[in-house]
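Residue numbers (this note's numbering), protein chains in the order written: chain A, 384 to 725; chain B, 2 to 158.
Glycine is no exception: its CB is placed at the ideal position from the N, C-alpha and C atoms.
All of these numbers come straight from a predicted model, not from anything done at the bench.
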Amino acid sequence: MISDSITSASISSLIPNNNNGRDLGKKKRARTAKLKQCKLDVRREQWLSQGAVKNKGCKEEPNGVVQTRKANNRSLDNLEMRPGGEEDDRSVHHHDSDSESPSNSPTSLTSSVLGTNDSGTNFTGSSSSSSSSSSSSGGCCSGSITEEEEEGDDGCLDDWEAVADALAADEKPQNPCSESHPEHQSIGKLVSPCQMTHGPGLGIGISKQVPRASGNTRAWRPDDAFRPQSLPNLSKQLSLPNSNRQHYGCGGVPWACNNVMPAPSSCPICYEDLDFTDSSFLPCLCGFRLCLFCHKRILEEDGRCPGCRKPYERNAVEAEPSVHGGSLTFRLARSCSMITRS
Amino acid sequence: MQASRARLFKEYKEVQREKVADPDIQLACDDTNIFKWTALIKGPSETPYEGGVFQLAFAVPEQYPLQPPQVRFLTKIFHPNVHFKTGEICLDILKNAWSPAWTLQSVCRAIIALMAHPEPDSPLNCDSGNLLRSGDIRGFHSMARMYTRLAAMPKKG
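Here's what the structure looks like:
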C-alpha cells in the first residue's frame with residue numbers, strides 16, 4: 384500500500400520532531416513502536432476512507448478551480464475524512480489533535496461545510512470565526528485571483544493552512560505536497576510571503592510542516608479573526624493623518640490657505656506663499672508687502688511696518704483703494720480681513 | 002506658537018540650502034528644540050576679532066518673529082556692546098528696532114557688523130567703552146585681540 388509507506392515516512396519524521404531532546408536510539412525504538420501502531424490505525428482508517436481520500440486527492444485542484452460546483456462532493460469527502468484524520472492526529476501528534484478537537488462539534492461541520500478543514504485546524508473557536516475562516520478559506524482554496532488580490536497575505540495563508548490540513552487529515556503527505564506545489568505557485572505568484580512561509584515548511588519536512596501550520600495559525604489567528612475589523616482600522620489609520628491635516632488646516636486658517644494656494648512670492652514674515660489677495664495688499668506706503676495674517680498679528684502687537692518700522696496707519700487699508708482708485712482691492716482687503724478673523 | 006515654529010522650520014530649510022552662501026556664519030538648530038539655535042561667526046577682518054570664531058546662542062521666543070530672538074555670546078569677547086560675563090548683546094535690532102522681516106541669519110550679520118563697528122556710547126562693557134571713548138584705540142585693540150586669542154581662537158598644541 385502506497386499510503387502506508389507514505390504515512391510511515393511521515394510519522395517517522397514526526398516523532399524525532401516531538402522528541403527533540405532525546406537521543407537517536409530511543410527515538411528509533413519509540414518510532415518503530417509507534418509506527419506499527421499508527422500504521423495499523425492508519426491502514427484501517429484509510430482503507431475505510433480510501434475512496435474518499437483518493438477522490439479528494441484528485442479533486443483538490445478541480446475543487447479549487449470550480450469550487451461551487453463540487454462543493455457537495457467536497458463536503459462529503461470532508462465528512463468522511465474528518466474522523467479518520469482526527470484519530471490519526473490524536474494518536475500521533477497531540478497538539479494538532481488538541482486544536483482540531485473543537486472542529487468535532489457538529490455545528491462547524493454542518494454549518495461551514497467548505498471551511499471544515501480550516502476551521503478544524505485553525506480555530507479552536509467560535510462559530511463566527513469558523514464561518515469567517517470558511518469564507519476566506521473558500522476563497523483561497525478556489526484560488527480565484529480576484530480574491531487573492533483582495534485578500535493578499537491572509538488569503539494565501541489560509542490556502543497554506545488548507546494544505547496543511549490536507550496533510551494532517553489525509554496522512555498522505557506526498558499527494559497534497561505535489562498538489563500544493565502547483566497550487567501555490569499558481570496562486571501564490573501574487574503574494575510572495577505565502578511562498579516564503581510555505582517553502583521552508585516543505586524543505587524541512589512534513590512533520591515540521593504540521594506543527595508549523597499550527598504555529599502559523601496561532602500567529603495569524605488574531606489577524607484572521609479580526610480581519611474584518613483590522614481592515615477598516617487600517618483605512619482609519621490612513622485617514623487619520625489626513626483628517627489631522629485637515630483639522631490643522633482648519634485651526635490655522637490663513638496659513639493653510641496660503642500654503643495651499645499657489646503664489647508668486649512668499650511673505651517675508653512667515654515665509655508662506657502670498658496668494659493673490661495678499662500680493663495685492665499694500666499696507667504701508669514703503670511698499671513692504673506681507674500676508675494679511677502677519678499684518679493682522681503685527682497690528683495686534685506693536686503695529687509697525689516690518690519694512691520701515693513706522694507705525695501702520697490704521698486706515699492704511701482704507702487708504703489703499705483711494706490710491707489705486709479701484710474698489711476691487713478694497714473689497715479684496717475686506718474679504719481677507721474676514722478670513723483672518725475667522 | 003505654530004507660526005513661530007513654522008517660520009523657524011522655513012528658516013532652517015533656508016539655512017540648510019544656503020549653507021555655503023555666507024561662509025562667515027554657521028547657523029545650527031538644536032536637535033530637539035527648534036527654539037534653541039547656535040551660531041558660529043567669524044570675527045570680521047581688520048578688527049581685533051579677526052581669526053576668531055565666536056559662538057552665539059539664540060533663544061527664540063514663541064512670539065517670533067514678532068518678538069526678537071534673545072542672542073548672547075557664548076564665547077568671551079571684549080567689546081563695548083557685549084556684556085563680558087553674560088555675553089548679552091546691546092543691539093538695537095535685538096530690542097526696539099527689531100523687525101519681523103529679520104531672520105536669525107540677518108541677526109548674525111548684524112552682530113558681525115556690530116563687532117566691526119562698536120557703539121561705545123551705549124556700553125555693556127564699560128571698560129571697553131571707556132577705552133574707546135577716551136580715544137585709546139590701541140589699548141582697546143590689544144585688549145580685544147588678547148581675549149580673541151584666549152577665547153575665540155583654536156589653541157595650538
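Secondary structure of Ser649 (chain A) (DSSP, three-state): strand.
Using a Cβ-Cβ cut-off of 7 Å, Arg8 (chain B) counts as an interface residue toward chain A, since at least one Cβ of chain A sits closer than that to its own. Within chain B, no residue has its beta carbon less than 8 Å from that of Pro666 (chain A); the closest one is some 13 Å off. Under the DSSP definition of a beta bridge, Lys37 (chain B) partners with B:Ala60. Residue contact check for Cys674 (chain A) against chain B: no CB pair falls below 7 Å. For Pro694 (chain A), none of the residues of chain B pass the 9 Å Cβ criterion, the least Cβ distance being about 13 Å.
Residues of chain A whose Cβ lies closer than 7 Å to the Cβ of Pro66 (chain B) are, in chain order, Ile652.
In the three-state reduction of the DSSP assignment, Cys667 (chain A) falls in the coil class. Around Lys96 (chain B), no beta-carbon contact reaches into chain A at under 9 Å, the shortest distance being about 12 Å. The three-state reading of DSSP puts Asp656 (chain A) in strand, counting E and B together.
Counting of Cβ neighbours within 10 angstroms places Arg150 (chain B) among the exposed residues, the total staying below 16.
Cβ-Cβ distances below 6 Å link Lys37 (chain B) to Asp31 in the same chain, with the five nearest sequence neighbours on each side left out; the list follows chain order. The alpha-carbon separation between His80 (chain B) and Thr660 (chain A) amounts to approximately 47 Å. Here Tyr13 (chain B) has Cys30 as same chain residues with Cβ atoms under 6 Å from its own Cβ, once five neighbours each way along the sequence are excluded. Contact between the stretch 130-141 of chain B and the stretch 94-112 of chain B is absent: fewer than three C-beta pairs spanning the two stretches fall below 8 Å. Chain A has no Cβ within less than 7 Å of the Cβ of Lys20 (chain B). Taking a Cβ-Cβ threshold of 8 Å, none of the residues of chain A is close to Ser107 (chain B); the smallest such distance is about 11 Å. Arg692 (chain A) and Lys156 (chain B) have their alpha carbons spaced roughly 43 Å apart.
Gly690 (chain A) reaches chain B at Ser100, Ala102, counting residues in chain order whose Cβ is nearer than 9 Å.
Each of B:Asn82, B:Lys77, B:Leu57, B:Asp93 was checked against the Cα of Ala152 (chain B), and the nearest Cα belongs to B:Lys77.
Flagged as an interface residue toward chain A: Lys11 (chain B), by a C-beta distance shorter than 7 Å. Non-local beta-carbon contacts of Phe671 (chain A) in its own chain, meaning distances under 7 Å to residues more than five positions away in sequence, involve Cys688, Pro689, Gly690, Cys691 in chain order.
Within the same chain, and ignoring the five residues on either side of Lys11 (chain B) in sequence, no residue has its Cβ closer than 8 Å to its Cβ.
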